[in-house]
Amino acid sequence: MRDKFRGKDFLTLMDFTREEINDILNVSYDLKMKWARRQPHEYLRGRTIAILFEKPSTRTRTSFQAAIAHLGAQSFYMRPDEMQLARGEPIKDTARVIDRYCDALVMRTFGQDRLEEFARYMKNPVINALSDLTHPCQGLADLLTIREKKGDFKGLKLAYAGDIWNVCHSLMIAGGTMGFDVYVAIPPGYSPNPKVYQFAREAAQKSGSKLILTQDLKEALKDADIIYANTWHSMGAAEKEKEKRAKDFGPYQINEEVCKVAKPDFIFMHCLPAYRGEEMTEEIIEGPHSVVWDQAENRMHTEKAILALFVP
């Protein structure tokens, strides 16, 4: 199986088939079981992984560094303001040098185009740890969590409420590819990226699932198996933008009252960080339906699988 992935970039879930995603999920679960039993799995001993984050992170940085350590590899963290990139060095020069020193680059950035430029000039894998467009590592962790809690993806309905960007995009792609319905509750004036939306719609048509954008939160939540909340604003948003979004997204808060129309055994998910009293209430994230902490743990296991499969 490793030959199928070795040396490839991991930039977006749009690059992978249902079968390939299932392969990665299977390896994720296997590595999760090995970790739980404290069985050694140092498949990348002797490798060196560079981590370049242009955006702050808690879960992504911690989970990747833990995953790299468990696999027996070494990692080092690079801050953009300490690199020549901040002084005008072209990406292609930085990328080719990192490629000579390291076996892979894990990158968290504002622009998908920056990731793609690094990938263009590196022979070793570039792994998307979040961009403005997609968050494929989060998408895989979400899929692993759903599979663990609900079994087969077919016939499931996921309702999403929150910022209509990278995490939402990855869920739309995941739903269409894996064959479960995704309903996005979206305020007037907001819309997903057209390219991602078109891909997800076509994937949903092929898999027999639905991708629905609706301004009606109750329509999205009705008979939902999974309710997924996300922050209302992107990292680094200006105060005026936060105020506007709080007004626009306020009616889309996930609370106990609106969840009454979901299935009785629904699970609640959130990619974190969570802002209690905004996108969801304390009672929801700390309640019996919440699987948020299992979901957060699965970040490490799916990232470990990506590294084990893709790093040459």
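Counting in our numbering, the sequence shown tops out at residue 384, every number present.
Just so it is clear, CB atoms sit at the ideal spot from N, CA and C, and this is done for glycine as well.
In the DSSP assignment, Asp320 falls within the alpha helix (DSSP H) that extends over 311-321. Residue state for Met150 is assigned as strand, using DSSP reduced to three classes.
Val330 is positioned such that its CB atom lies no closer than 9 Å to that of Ala346. Leaving aside the five residues that flank Asn238 on each side, the residues in its chain whose CB is nearer than 7 Å to its CB run, in chain order, Leu202, Ser203, Asp204, Leu205, Thr206, His207. According to DSSP, residue pairing for Asp253 in a beta bridge involves Lys229. By the Cβ criterion, the stretch 118-127 is not in contact with the stretch 80-98, since fewer than three pairs of Cβ atoms, one from each stretch, lie closer than 8 Å.
Under the 8 Å Cβ criterion, the stretch 286-294 does not count as touching the stretch 309-320, having fewer than three qualifying pairs.
In the DSSP secondary-structure assignment, His207 is not bridged to any residue.
Annotation: the continuous alpha helix (DSSP H) that includes Phe271 extends over 266-279. Cβ neighbours of Cys240 within its own chain (closer than 8 Å, five residues either side excluded): Tyr232, Gly234, Val256, Pro264, Asn302. Nearest to Glu154 by alpha-carbon distance, out of Phe252, Phe125, Pro323, Thr130, is Phe125. Here Arg74 is exposed: its Cβ has fewer than 16 other Cβ atoms, across all protein chains shown, within 10 Å. Counting along the chain, the unbroken beta strand (DSSP E) around His342 starts and ends at 339-342. Counted as a single uninterrupted DSSP element, the stretch harbouring Phe125 is not any alpha helix (DSSP H) but the beta strand (DSSP E) occupying residues 120-125. The shortest CA-to-CA distance from Val333 to any of Ile299, Ala158, Val169 is the one to Ile299. Residue environment for Arg159: exposed (fewer than 16 other C-beta atoms within 10 angstroms of its C-beta).
Contact between Pro384 and Arg78 holds: CB atoms are separated by about 5 Å, below the 8 Å threshold. Taking every protein chain shown into account, the CB of Ala141 has fewer than 16 other CB atoms within 10 angstroms, so this residue is exposed. Taking C-beta atoms as the reference points, Gly248 and Lys278 count as a pair closer than 9 Å.
The three-state reading of DSSP puts Arg348 in strand, counting E and B together. Less than 9 Å divides the Cβ of Phe340 from the Cβ of Met352. Straight across, the Cα-Cα distance linking Ser135 with Phe82 is about 17 Å. Measuring C-alpha to C-alpha distances from Ile258 to each of Trp304, Tyr101, Leu344 identifies Trp304 as the nearest. Counting along the chain, Tyr101 sits inside no beta strand (DSSP E); it lies in the alpha helix (DSSP H) bounded by residues 90-108. For Ile326, the secondary structure class from DSSP, reduced to helix, strand or coil, is strand.
Cβ contact annotation for Ala368 (same chain, cutoff 7 Å, sequence separation greater than five): Arg131, Leu344, in chain order.
Here DSSP, grouped into helix, strand and coil, assigns Arg180 to strand. In this model, Ala275 and Tyr269 are separated by some 10 Å (Cα to Cα). DSSP places Ala158 within a helical segment (H, G or I) once states are collapsed to three.
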